[in-house]
Amino acid sequence: MYTKNFINPCPDWATALLNGFSQVLLLRNPLCGLCCLLAILLTAPNLVGGALLGALAGLLTAQRRGYERADRQAGLYCYNGVLIGLLISAVLPWSAILPPLIIAAGGLSSMLTHQWRKRGGKLLIAYTAPFVLLGWATLLLASPAANGPVEADVAYALLRGVGQIFLLDKPMAGLLIVIGLYLANPYAATWALIGSAIGGGFALLAGETQAAWLGLYGFNAALAALAFSRQGEKPWVTLLAIACALLLQALFNLLPIAGLTAPFVTACWLMHLGSHLARLNQRRDAPRLHS
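In this text, residue positions in the sequence shown follow our numbering: the first is 24, and each later residue adds one.
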């Protein structure tokens, strides 16, 4: 439903924005969102303005266009704005055009999310796909700086794998995000750490040592783990999603630009498609069993 008027405003803007930060982790929890915001503020203060501006632009756009109030309050139109705001702030140099660019990207991410929710169905869930598309467009305009060397520390690599979900490479950022995850959903938080650990191990086996210590193989695996563990799926399903995300990351690494969270999104789509096909086969086989 579209309206030109600001009707049905969010009952609590602060909660909606914090939910937007937590929705990056596929969870709705303001305390978790606050921990994520603190992680950005304390470890990358130069990025916090972009994250907040992107989230606010997404929420304002959703309100302006009259999107469902409950969905706005849940942060579903903010989280892609958070990520694109972070990315633009991280890879583009500061200029007067940067804030309007973040606002435009955040608003566009909200509209893309809405259309995806309307047309994607249960198989092609939006997840962070709008961020990926806008992020790739951003990276075509930018020259991201190369990552510097980091210490070979397993605990730090584990935390970086979670922190990289928000483009943060400081262990403290990962720790704050993990705390937020445990406040929201301890079971899913544990699986996020397992996903990060498996991703780091995969990178070491593949000879990507520096990427392993930076957590660059951990964040897609952690997101895949969050996507399925929070739904109460059987452990083998979550492990399969992690494996799928890691294999796809190896393919996306062949692209000339960073894959961002595309491996996670694509892995989830393939998992949903596989589940759908399995259910269809069960329905076809049922009449034969009873004939």
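Note that beta-carbon positions come from the ideal geometry of N, C-alpha and C, so glycine has one too. All figures in this text were calculated on a predicted structure; none of them were measured in a lab.
Span separating the alpha-carbon of residue 116 from that of residue 304
Taking the first residue of the sequence shown as 1, we reach residue 116 at position 93. Taking the first residue of the sequence shown as 1, we reach residue 304 at position 281. Taking the CA atoms as reference points, residue 116 sits about 53 Å from residue 304.
Alpha-carbon spacing of residue 127 relative to residue 101, whole angstroms
In the sequence shown, counting from the first residue as 1, residue 127 sits at position 104. In the sequence shown, counting from the first residue as 1, residue 101 sits at position 78. The straight-line gap from Cα to Cα measures roughly 13 Å.
What residues in its chain sit with their C-beta under 7 Å from that of residue 235, if we drop five residues either side in the sequence?
Locating residue 235 in the sequence shown gives position 212, where the first residue counts as 1. So the list reads 180, 223, 226, 227, once near-sequence residues are dropped.
Check whether the Cβ atoms of residue 120 and residue 80 lie closer than 9 Å to each other.
Locating residue 120 in the sequence shown gives position 97, counting from the first residue. Locating residue 80 in the sequence shown gives position 57, counting from the first residue. The criterion of a C-beta distance shorter than 9 Å is not satisfied by residue 120 and residue 80.
Cα-Cα separation between residue 57 and residue 86, rounded to whole angstroms
Taking the first residue of the sequence shown as position 1, residue 57 is located at position 34. Taking the first residue of the sequence shown as position 1, residue 86 is located at position 63. C-alpha of residue 57 to C-alpha of residue 86: approximately 22 Å in a straight line.
Rank 62, 217, 192 by C-alpha distance to the C-alpha of residue 251 and give the top, closest one.
Here the question's residue 251 lines up with position 228 in the sequence shown. When the alpha-carbon of residue 251 is set against those of 62, 217, 192, the nearest one is in 217.
Same chain, Cβ closer than 7 Å to residue 95, five either side skipped, listed in chain order:
As a position in the sequence shown, residue 95 is number 72, starting the count at 1. Same-chain partners within the cutoff: 33, 39, 82, 85, 86.
Spatially closest choice to residue 114 from 287, 247, 166, by CA coordinates
In the sequence shown, counting from the first residue as 1, residue 114 sits at position 91. Answer by Cα proximity: 166.
Tell me which same chain residues have a C-beta within less than 7 Å of the C-beta of residue 21, skipping the five on either side of it?
Outside the modelled stretch of the chain, which goes from 24 to 314, sits residue 21, for which no answer is possible.
Pairwise C-alpha distance: residue 146 and residue 298
Within the sequence shown, residue 298 is the residue found at index 275, counting from 1. Within the sequence shown, residue 146 is the residue found at index 123, counting from 1. If you draw a straight line from the Cα of residue 298 to the Cα of residue 146, it comes to about 9 Å.
Measure from the alpha carbon of residue 280 to the alpha carbon of each residue in 164, 295, 71, 70, then state which is nearest.
As a working note, residue 280 is residue 257 in the sequence shown. When only C-alpha atoms are compared, the closest one is 164.
Would you report the Cα separation of residue 103 and residue 289, rounded to the nearest angstrom?
Taking the first residue of the sequence shown as position 1, residue 103 is located at position 80. Taking the first residue of the sequence shown as position 1, residue 289 is located at position 266. Answer to the nearest angstrom: the Cα atoms are 16 Å apart.
Quick check on residue 306: does DSSP put it in helix, strand or coil?
Working through the sequence shown from its first residue, we reach residue 306 at position 283. Three-state DSSP puts residue 306 in a helix.
Alpha carbon of residue 153 to alpha carbon of residue 178, nearest angstrom
Position 130 of the sequence shown holds residue 153. Position 155 of the sequence shown holds residue 178. Residue 153 and residue 178 have their C-alpha atoms some 32 Å from each other.
Can you tell me which of 215, 193, 293, 190 puts its alpha carbon nearest to the alpha carbon of residue 201?
One-based indexing of the sequence shown puts residue 201 at position 178. Ranking the options by Cα distance to residue 201, first place goes to 215.
Return the residue from the list 263, 158, 59, 35 that minimises the CA-CA distance to residue 207.
Taking the sequence shown and counting its residues from 1, one reaches residue 207 at position 184. Considering only alpha carbons, the answer is 59.
On a CA-only basis, which of 174, 155, 111 is nearest residue 238? Give me that one, please.
The count along the sequence shown starts at 1 and reaches residue 238 at position 215. Comparing Cα positions, the closest option is 174.
Supposed close pair residue 62, residue 189 - CB separation, criterion 8 Å:
For the purposes of this step, residue 62 is taken as residue 39 along the sequence shown, with counting starting at 1. For the purposes of this step, residue 189 is taken as residue 166 along the sequence shown, with counting starting at 1. About 7 Å; that satisfies the 8 Å criterion.
Thinking C-beta only, is residue 109 closer than 9 Å to residue 74?
Looking up residue 74 in the sequence shown gives position 51. Looking up residue 109 in the sequence shown gives position 86. Inclusion of residue 74 and residue 109 in the CB contact set at 9 Å is warranted, their separation being smaller than that value.
Please state whether DSSP places residue 144 in a helix, a strand or coil.
Numbered from its first residue, the sequence shown carries residue 144 at position 121. In this structure, DSSP gives residue 144 a state outside helix and strand, which the three-state scheme calls coil.
Less than 8 Å between the CB atoms is what I'm expecting for residue 294 and residue 266, so what's the real figure, rounded?
Here residue 294 is taken as the residue at index 271 of the sequence shown, counted from 1. Here residue 266 is taken as the residue at index 243 of the sequence shown, counted from 1. About 10 Å; that fails the 8 Å criterion.
Inter-residue spacing [alpha-carbon to alpha-carbon] between residue 139 and residue 292
Against the sequence shown, residue 139 aligns to sequence position 116. Against the sequence shown, residue 292 aligns to sequence position 269. Cα to Cα, the separation comes out at about 13 Å.
Which of the three DSSP states is assigned to residue 120 in this structure?
Working through the sequence shown from its first residue, we reach residue 120 at position 97. The three-state secondary structure of residue 120, taken from DSSP, is coil.
Cα-Cα separation, residue 260 to residue 118
Counting from 1 along the sequence shown, the entry for residue 260 is found at position 237. Counting from 1 along the sequence shown, the entry for residue 118 is found at position 95. Those two C-alpha atoms are separated by around 46 Å.
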